[in-house]
Structure formats: C-alpha cells, structure tokens
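There are 2 protein chains.
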Amino acid sequence: MNTKRDNANLLAHVAIVLMEPKYPENIGAAARAAMNMGFSRLIVVRHEPPDREKMLKMATHNATHLIDAMELHTDLAEALASFSYIIGTTARKGRSRRNVSHPRDMVEKIVPLLPNNHIALLFGPEHRGLTNEDLNFCDLTTTIPTADFSSLNLAQAVAIHCYELYSGVVHMADEKKRFVPKLADSYELEGMYSHVEVVLRQIGFLKQADYEYWMRSIRRFLGRYHIRSKEVKAIRGVCRQFLWHENQQQETTGSKETK
Amino acid sequence: MNTKRDNANLLAHVAIVLMEPKYPENIGAAARAAMNMGFSRLIVVRHEPPDREKMLKMATHNATHLIDAMELHTDLAEALASFSYIIGTTARKGRSRRNVSHPRDMVEKIVPLLPNNHIALLFGPEHRGLTNEDLNFCDLTTTIPTADFSSLNLAQAVAIHCYELYSGVVHMADEKKRFVPKLADSYELEGMYSHVEVVLRQIGFLKQADYEYWMRSIRRFLGRYHIRSKEVKAIRGVCRQFLWHENQQQETTGSKETK
C-alpha cells in the first residue's frame, strides 16, 4: 500500500509537455495515456487554446481531470522553466541527433533522479517533431525504435514513454523489496587478492614470469562476479587454513631434522 | 542488412487480430502502430465491414496498404484457425485471469517461437475487452500494467505490444552478434567440486562434522556465478598444483626420515 503511494509521489514529479500539438484529439488521447500510467500533469504549448470538446472525446471521462488541470503556455522556455531535467522525444536522426536513447535506457537514467527533481517529457508537433532549437532545452533525447523510417502517432508515442516510465518506477519499487546482498568492498577484495597470491606463491603455482598475467586473470574472475563480503571471508578462511597447514608440515619436517 | 531482412521475416509471422472493434478510427490507428513496428498482417473480426474512410484517416497514407490487405472474418475461431500460438490481451483481472504476463515477459516467451510458428496477438473490443470464451483460444494472456484500474485506448494497447515485440526481436538479433562465453557443464562442475574437496580435506579445512555444510556453500558460491569452462580448468589447475606441492613436501619429509 505504501509502495503504491510512494510510486504516485514519484510519478507526480513528471510532466508531459506537448509542443504545439495540432489536433486537440491527440491532446485528449495523450491525457488518457498519461492518466493510465499514473501521471497527472499535462502542459501544452500553443497559441490558441485547444478545442475542449475534441480533447474530452479522446480523453474519456477517466482523464477529464487532466484536461481541466492542463497548463497552457505560449512559450516553450516559460513552460519548461521549473524543470531540472528535460527529455526530448524525436523520430528523426539528423546530424545533431546523435546521442539518442531507447526509451528503456532513458528510464534507467531518470528513475534515480525522480525523488529530487522535476522532470519534463517533451513531445513535438505531429507534422514535424521537435526542432533543433526545441531540443536545445533537453538534457537527453529519446527515439522509439521503428521498423522503417516512420513517425508514430503523437498519443501513441506518449503512451509508450509513459508505459516505460511507469514500468521502470514499479520495477524499482520491487527491486527495493528484494534481498540485496552486501557486496565485498575494494578493501576486502584487495586483502583477499593478496592472501590468495601468498598461497599461490607458496604452492609454486605462480612462476615469476607469468605472475602478473595470472593475478590479472584471477582478479578478472573474482571481480566479474560481484562477490559478497561473506564469500571473501570464506575464501580467506581457506587461505589461512592452508598456510597454517603448511606451517605445521614445515614444523614437522623441522623437528624431524633435529632428530 | 541481412539482420534487417531476418527481422522482417520473423515479424511477418505475427498478426494483429482485433475482435469486434467498435470504432473504425481505432482500426486505422492500430494499423499505423503495427506498420511502425514492422508488422503487416491485420485481421478484424466483425459482422459489418468497418468504414474505410474513417480507418484511413487514422492509418495515414503510410499504413494504407495494411488496410487494403486487412482480412475480415465474422467468426473468431475461423480467424484464429491457422495460428499455432495465440496471445490474448486483457485489462481485467478476474477469477479466470490469474496467469497474466507483463508484455515484456510475453515477448521473452514468444520470440524464440517466431521462426517456426504463426502467432496471433488478440485484442478485445473497446467497451468490454475479451470475454472468457474468447480467452479460451489463448495460450497466454498479457496485461499492460496501469496505475489504477483503467482501460487503455485500443490502438495504444496495440502500439505498446507491437513496440515490445519489435524491441524484443531487434534485441534478440543484437544478442546473437554478442560474444557468448562457453559455460562449464555439469560434468566439468562436478569434477571441479571433487577436486576442490580433496584439497580442502588435505589442508584440514573440512572437519567431518561440517563437511556437508561447507561443500554445499561452495557449490552455491561457485554455482551461482555461471562460471566458464576456462575458469573450471584454472581452478582445477590450482588444485593439481597444490596436490603436487603437497606430494613433494611429503617426499622431502620421507627422504629426510630415511636419512
């Protein structure tokens, strides 16, 4: 129950911003999609107020409150002024459109920012998308992958982004509830590598010549798996036991020699 | 280039099936979404042929060919007859709606089936969704997660499913190009566990009492990380070297004893 409220608080930090949408029906359909995924803030940048009836027809009665609360601006800079992170969505991959993200990668980047930031998801007009000037406001640009060069319906693009973001927030909340093991820190790992090295030298596994190569391989092996604190202790336990055993044997040998 | 054609071949195995859609505009918008994501087969189950002009308005000229090639049936069983795997989409979670998947999990299940199967993605009518009777045809049911109980626009639901499926197919093609390490098989792992056990017994790490507990921990540790063939060989190399070293020491002791 609490998680649901936490999610709602996070989603309230996101606004859907539509830059000069031509068709009021698309604003309504976008409002419905936003509402479905738990977003409630809708901002429209447009010189003329859009036709209310046409918006409501596509918003359905479930999203009427989003249309009622819709913020209308005539200037994009003004509409975006209060946001600390802005995501621009684009279908075109022009010269200045190099660093575009898949919506899923965008979600990974912004979900951690949500608690402390207000974030705008900016969509361009149906017929031409966002201009380079519009994109100058953006910290990140996303493109929904399509099979060929083809532009998505505006409200469908809003729906896909909202769906990804909502899924990302829910996923993060689920992750938090999961058991997270305490991974070994660098200090623990370094101690373990030294300990392992002493043992390997003792048994003559590491020849001076390939010593560096092997220690690098061992670091890569043990490092790749994000091993846990507990496991570092167990590995060092084995090393300690080996060295004790080795010592015992040498003492035996020593005592036998003095016989 | 080849990958693109391979993807197109796979996507041709999928049909979007709309059960009794009320609004021809939604059929058109669904056709456009399907086309955006590389799908070209659209099937409508409906007693009256839908109004062509209303469909085309939302399909836009890019997806006109999907509307032209649209298959019209009056009976769902007949429409689905040639498909070997059918996915039903639903917003409702009734008593018989227990095993519903997130669209992303559905994609994981069906992408491997694509090369050898024809797959239908079935969507219900706008006002009531699929009935239990309709769902009897389905091998799998998906629900797009929403913030509250709220039903998505039909074409948006189609867009989200097509987007997930297209992303899944592209992702699979990318994965195929990636380096896949050869993981150790069970035979290699068992050989390694035995070898490690011999060493641990030799140094007296495993007391008889906690022997089982420790070997289980070690199996869990080494098993969890999906270690590679190459790494099994390296670990066994260390074991072999230890046992050789141990043997040498005992020989030294032995030879000293005979002095």
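Chains as they are written, first to last, in the working numbering: chain A, 1 to 259; chain B, 260 to 518.
Glycine included, C-beta positions come from ideal geometry on N, C-alpha and C.
List the endpoints of the continuous beta strand (DSSP E) containing residue i.
i, result
"V303(B)", "R300 to V304"
"Y263(A)", "Only positions 1 to 259 of chain A appear in the structure, and residue 263(A) is not among them; the question remains open."
"M19(A)", "V14 to M19"
Assuming residue i is part of the alpha helix (DSSP H), what are its boundary residues?
i, result
"E449(B)", "S445 to Q461"
"E48(A)", "Element bounds for E48(A): n/a, residue is neither H nor E."
"L66(A)", "T64 to A69"
"S476(B)", "Y470 to R483"
"M58(A)", "R52 to A59"
"N358(B)", "Note, N358(B): premise wrong, no alpha helix (DSSP H); not H, not E."
"A292(B)", "P283 to N295"
"A77(A)", "L76 to L80"
Which value, in whole angstroms, describes the spacing of the CA atoms of residue i and residue j?
i, j, result
"F83(A)", "I419(B)", "27 Å"
"T74(A)", "H65(A)", "22 Å"
"R52(A)", "A15(A)", "20 Å"
"P384(B)", "K109(A)", "36 Å"
"L269(B)", "A77(A)", "44 Å"
"P112(A)", "M106(A)", "11 Å"
"F464(B)", "M215(A)", "24 Å"
"E175(A)", "I403(B)", "19 Å"
"C421(B)", "L183(A)", "39 Å"
"L331(B)", "A290(B)", "14 Å"
"R478(B)", "H361(B)", "33 Å"
"A292(B)", "H485(B)", "40 Å"
"K489(B)", "G496(B)", "11 Å"
"H377(B)", "R300(B)", "11 Å"
"A318(B)", "N295(B)", "11 Å"
"Q156(A)", "S476(B)", "50 Å"
"E516(B)", "C498(B)", "Caution applies to E516(B), whose pLDDT of 49 falls short of 50 and renders its modelled position unreliable; the value that the coordinates give is listed next. Whole-angstrom Cα-Cα distance: 27 Å."
"K492(B)", "A209(A)", "20 Å"
"Y330(A)", "G427(B)", "Outside the shown range of chain A (1 to 259) lies residue 330(A), about which nothing can therefore be said."
"E197(A)", "F221(A)", "14 Å"
"N506(B)", "Q250(A)", "13 Å"
"S445(B)", "N153(A)", "51 Å"
"A8(A)", "A91(A)", "29 Å"
"R363(B)", "H245(A)", "53 Å"
"P309(B)", "M329(B)", "11 Å"
Using a Cβ-Cβ cut-off of 9 Å, state whether residue i counts as contacting chain B.
i, result
"P145(A)", "yes"
"S217(A)", "yes"
"S167(A)", "yes"
"E53(A)", "no"
"M19(A)", "no"
"R104(A)", "yes"
"Y211(A)", "no"
"D148(A)", "yes"
"I110(A)", "no"
"G204(A)", "yes"
"V238(A)", "yes"
"M70(A)", "no"
"N9(A)", "no"
"S151(A)", "yes"
"E231(A)", "yes"
"L200(A)", "yes"
"R41(A)", "no"
"G38(A)", "yes"
"Q208(A)", "no"
"Q249(A)", "yes"
"R32(A)", "yes"
Compare the C-beta of residue i against all C-beta atoms of chain A and say whether one is closer than 9 Å.
i, result
"V520(B)", "With chain B covering only 260 through 518, there is no way to say anything about residue 520(B)."
"A443(B)", "no"
"Q500(B)", "yes"
"V303(B)", "no"
"I486(B)", "yes"
"E505(B)", "yes"
"F480(B)", "yes"
"M294(B)", "yes"
"I419(B)", "yes"
"Y452(B)", "no"
"G383(B)", "no"
"N321(B)", "yes"
"R264(B)", "no"
"Y422(B)", "yes"
"A493(B)", "yes"
"R483(B)", "yes"
"A414(B)", "yes"
Alpha helix (DSSP H) segments (min. 4 residues) lying fully within the stretch 382–421 of chain B: 391–394
Under 8 Å: do the stretch 13–28 of chain A and the stretch 53–63 of chain A share three or more Cβ pairs, one atom per stretch? Yes, they touch.
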